Amino acid sequence: MNALLVCDSPDIKLIVRKVLEIEGHELIFSASSAKETFKVLGTDSASPKNDVDLIIMDLAMPLIDGIEACRVIRGISHLKDIPVIMLMDQKNDDSIKQALEAGIDDFLTKPISQTELLTRVRVALRLRSEIKERKENEDKFLTLEEEFKKNSETLSYFEKAINSMQIGLTITGMDGKIIYSNPAEAEMHKYSQDELLGKDVRIFAPKELWKPRNNKKFSKAVSFQRETVNVKKDGFVFPVRLLSDVVCNDKGDPVALVATCEDISERIKTEEELRSSYKFLQDLIDTIPSPVFYKDEKGIYIGCNSAFEEYIGKNKHEMIGKTVFDMGPRDMAEIYFKMDMELFKKGKGGVQTYESSVQHSDGTRHDVIFNKANFFNSDGTLGGLIGVILDITGRKKAEEELKKAHDKLENKVTERTAELIEVNRTLKEEVEERRNIESSLKQSESEYKRLYQQFTTLLDAIPDALLLLTPDLKVQWSNAQASNTFGKKDSNMTGRPCYDICRKGDLPDEEKCPSKRSFKTGHMENAEVFTLDGRHLDVRAFPIKNSRGEVINVIEVAADITEKVKLQVEAVRAGHLASIGELSAGVAHEINNPINGIINCAQILQSKYCESGKGSELAGMIMAEGRRIARIVQALLSFSREKVDKSVLFDINSVMDDSLALTEAYLRKESIDLQVDIASDLPLVRGDDHKIEQVFLNLINNARYALNQKYPKGDKDKLLKITGEKVEVKGEERLRVTFFDKGPGIPKDIRDKILEPFFSTKPSKEGTGLGLSISHGIIEDHGGSLSVKSREGHYTKIVIDLPSGGGREI
């Protein structure tokens, strides 16, 4: 007797072996898992791989337990009668019930009793012997019964059964002539039964398939089964499935050949449609870029798409029929198998999404998201699962890199322009240090990568643009700030000429381009450059030389100094204003004394000598004009005083009066029609009245310039209108001052640039481009807004809204 013991315990194996040897049996097969058991038994073959008379199997086994293994064995015809004794750790009614339902013949609980084991082995073997003997007897009985039925059935019944068959049947003599054909055979080939009697059976085959008759060979015909083609009476060829068997007499000599013929046209058509459908579905799933796979209800792979093959580095033929434990590392396989089993438990509608990792075809582990769902057979039973893999390795790395870059950037954005020199010095030291360290970094690639990342992060955090240029002025590398400095939405500048980034394709002037000069001279060069959007850049070029002293690259450092230059220009302008103020104060002082004398003399003349008549009128005119000169002098003194930031409540009318006192004479001289309509009861404004006066003067002068450009001489439309009113904006009380002129207006293509620093429509010697920009900043500092509306060729309207300071009382 040959026994198979399935157990992973060496102690139990030893006990069972000794017990069987006592009984005179051999334990010639041993396995530690269900998988090894299936291999020993040959579950995937049509006949037993080894002669096994008894299986003793442990219930507890890895992956597939003894109950599930027993079900597999009982499902295979040539293994189902082998007795199975199950070893259990303890008596458990539920486990015993499941094991018996799975088909075990007996069970034993641990620890194993020698007597009980021998008894149960004897019973199992005796039962197997009785089953085998009973089966042989049943086979004999069935044979006798079959012969009895054949002998007892009448010929009419036999003929009736044959005639009612849906497939064709033909009986042929040993000479190849048709003895009998049933109605189905005749109808299938479009003959009558009488037409077929006596005909050569080859009438059913196309003539090109006929072979010469060999009676000797035909008399030794044997049974066969094949698919071929037959031809109908009308010549139509169609596919058939033939089954032929030899009829022998009592002596065993063949006397006839019985053949059945089945028209398989529909079957072949259906198979072709199924193949076509399968190919379409496979082609469809192969177009999906994400890896897709599907398994049966046991977790065995049954298919995948091309993306999955490429992803794991195996073709589907290597994968089909295997489990996750055959495909990758065990730690990952255990996770996949556990999740698959949990999904199967969910039944219909079961879906599952989770993050895990997969061993990629390149040998590395990739982070992925699994999306799985159950599918079911047409009979409602669980068919398996289908899964889709989404690789998120790149996304996770990008998220980590983005977080690192963001953290670094937050630590650097607070640095100011004033710190630039120190940062550049530090940068040079870092570059030098990097050159010194590179030789040692060759011995440690991981350390090199870490330092390279730190270096790149530092360069990206510098507030200046850094470009590494090749001799043909193409960008070899750039830091993160470069795209912001040069106003480029696309951060990838590699391979693009530097002049295309800064000047949109204009070739650089060798005398003005610091990088080109640096390549030529081999020294640090610098220059100030204006971009197309009006920003002012300080560009410095540092040469990089090889061991022979040749310049192979240039590092270009570009700092945006727009605000710095703006402040410098403002400082110069403030100095000019201070000088003018000092001069104005001196002039005003010199004028004030004579004017006071003139007014006093006019008063004396009027009171003593010109009490009435023309003389009195002239004296009054002298006094009025003298007071007017005094007011202008007072306004000039007020404007020329040193300005100190302050916040007071002031009347907008007074500020406007002072502004007009300084400009009204020019307006009259230039024939400009000035219309002022400012309500007298406007609320006070809190802020710096001198700065607001500066804004008003700037807007009046801009209007003067525009009107004089359009109307060099007087004209009825040479108009400047100034209005002031109280309005409500978003529920808040505001003071609105409007400057409206009928000048040439502002072209639409530059309208959105007029508030930018250094942008001016005036010739370079007539304006700095800072007036409106500074005015806009002053109004915003006061919590207000300055907006511009214009129609080219017709008018320009500038509206200033200031918050109310609260009533008329100071």
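Sequence positions in the sequence shown follow the numbering used here and run 64 to 873.
C-beta atoms are modelled at their ideal positions from N, C-alpha and C, and glycine is treated no differently.
Bear in mind the structure is a predicted one, so any value in this text is a computation, not a measurement.
Would you mind sorting residue i into buried or exposed? The rule is 16 or more other CB atoms within 10 Å of its CB.
i: residue 382; result: buried
i: residue 226; result: exposed
i: residue 257; result: exposed
i: residue 578; result: buried
i: residue 194; result: exposed
i: residue 769; result: buried
i: residue 542; result: buried
i: residue 767; result: buried
i: residue 280; result: Confidence is the limiting factor: at residue 280 the pLDDT is only 47, short of 50, which leaves the residue's position unreliable, though a coordinate-based value still follows. Exposed, by the Cβ-count rule.
i: residue 118; result: buried
i: residue 366; result: buried
i: residue 70; result: buried
i: residue 586; result: exposed
i: residue 252; result: buried
i: residue 34; result: With the chain running from 64 to 873 in the structure shown, residue 34 is simply not present.
i: residue 828; result: With a pLDDT of only 48 at residue 828, under the threshold of 50, the placement of this residue in the model should not be trusted; the figure read from the coordinates follows. Residue 828 comes out exposed.
i: residue 397; result: exposed
i: residue 79; result: buried
i: residue 707; result: With a pLDDT of 48 at residue 707, under the threshold of 50, the modelled position of that residue is not reliable, and the figure given next carries that caveat. So residue 707 ends up on the exposed side.
i: residue 129; result: buried
Rounded to whole angstroms, how far is the Cβ of residue i from the Cβ of residue j, which I believe are closer than 8 angstroms?
i: residue 148; j: residue 170; result: 7 angstroms
i: residue 813; j: residue 739; result: Between residue 739 and residue 813 the Cβ distance is about 29 angstroms, and since that is not below 8 angstroms, they are no contact.
i: residue 867; j: residue 798; result: 6 angstroms
i: residue 249; j: residue 228; result: The pair is not a contact, with the Cβ atoms about 12 angstroms apart (cut-off 8 angstroms).
i: residue 137; j: residue 162; result: With 8 angstroms as the limit, residue 137 and residue 162 do not qualify as a contact, their Cβ atoms being about 11 angstroms apart.
i: residue 237; j: residue 318; result: 7 angstroms
i: residue 332; j: residue 403; result: No, residue 332 and residue 403 are not in contact; Cβ-Cβ is about 37 angstroms, not under 8 angstroms.
I need the straight-line Cα distance from residue i to residue j, nearest angstrom please.
i: residue 749; j: residue 796; result: 13 angstroms
i: residue 360; j: residue 388; result: 16 angstroms
i: residue 132; j: residue 372; result: 31 angstroms
i: residue 84; j: residue 65; result: 11 angstroms
i: residue 87; j: residue 81; result: 10 angstroms
i: residue 598; j: residue 865; result: 30 angstroms
i: residue 422; j: residue 605; result: 47 angstroms
i: residue 468; j: residue 499; result: 26 angstroms
i: residue 871; j: residue 710; result: Residue confidence for residue 871 is low, a pLDDT of 46 falling below 50, so the modelled location carries little weight; the figure read from the coordinates is stated next. Each residue's alpha carbon lies about 16 angstroms from the other.
i: residue 657; j: residue 858; result: 43 angstroms
i: residue 835; j: residue 809; result: 13 angstroms
i: residue 455; j: residue 563; result: 36 angstroms
i: residue 806; j: residue 751; result: 30 angstroms
i: residue 75; j: residue 68; result: 9 angstroms
i: residue 112; j: residue 261; result: 50 angstroms
i: residue 818; j: residue 850; result: 9 angstroms
i: residue 558; j: residue 583; result: 21 angstroms
i: residue 705; j: residue 716; result: With a pLDDT of 48 at residue 705, under the threshold of 50, the modelled position of this residue cannot be trusted; read the value that follows with caution. Rounded to whole angstroms, residue 705 to residue 716 spans 22 angstroms at the Cα level.
i: residue 341; j: residue 156; result: 46 angstroms
Note the first and the last residue of the continuous alpha helix (DSSP H) segment covering residue i.
i: residue 855; result: Run containing residue 855: none; DSSP gives neither H nor E here.
i: residue 382; result: 379-382
i: residue 400; result: 393-408
i: residue 464; result: 456-475
i: residue 541; result: Residue 541 -> not in any alpha helix (DSSP H); beta strand (DSSP E) instead, spanning 538-541.
i: residue 256; result: 256-259
i: residue 583; result: 577-584
i: residue 722; result: 715-732
i: residue 79; result: 73-86
Within the continuous beta strand (DSSP E) that includes residue i, where are the two ends?
i: residue 300; result: 300-311
i: residue 69; result: 65-69
i: residue 604; result: 599-608
i: residue 429; result: 428-439
I want to see whether chain C comes within less than 8 angstroms of residue i, judged by CB atoms only; does it?
i: residue 537; result: You won't find chain C in this structure, because it holds only one protein chain.
*Would you call the region 834-843 and the region 742-758 touching, i.e. three or more CB-CB distances under 8 angstroms?*
yes
*Inspect the CB distances between the region 223-241 and the region 177-184 and report whether three or more fall short of 8 angstroms.*
no
*Is there contact between the region 425-445 and the region 339-352, where contact requires at least three CB pairs shorter than 8 angstroms?*
no
_Does the structure place the region 537-552 close enough to the region 485-495 that three or more beta carbon pairs sit under 8 angstroms?_
no
*Counting Cβ pairs, one atom from each stretch, are 3 or more of them under 8 angstroms apart for the region 776-783 and the region 727-747?*
yes
_Check whether the region 327-343 and the region 296-307 touch, using three or more Cβ-Cβ pairs below 8 angstroms as the test._
yes
*asked:* For the structure I just gave you, are there three or more beta carbon pairs, one from the region 522-535 and one from the region 617-627, closer than 8 angstroms?
replied: yes
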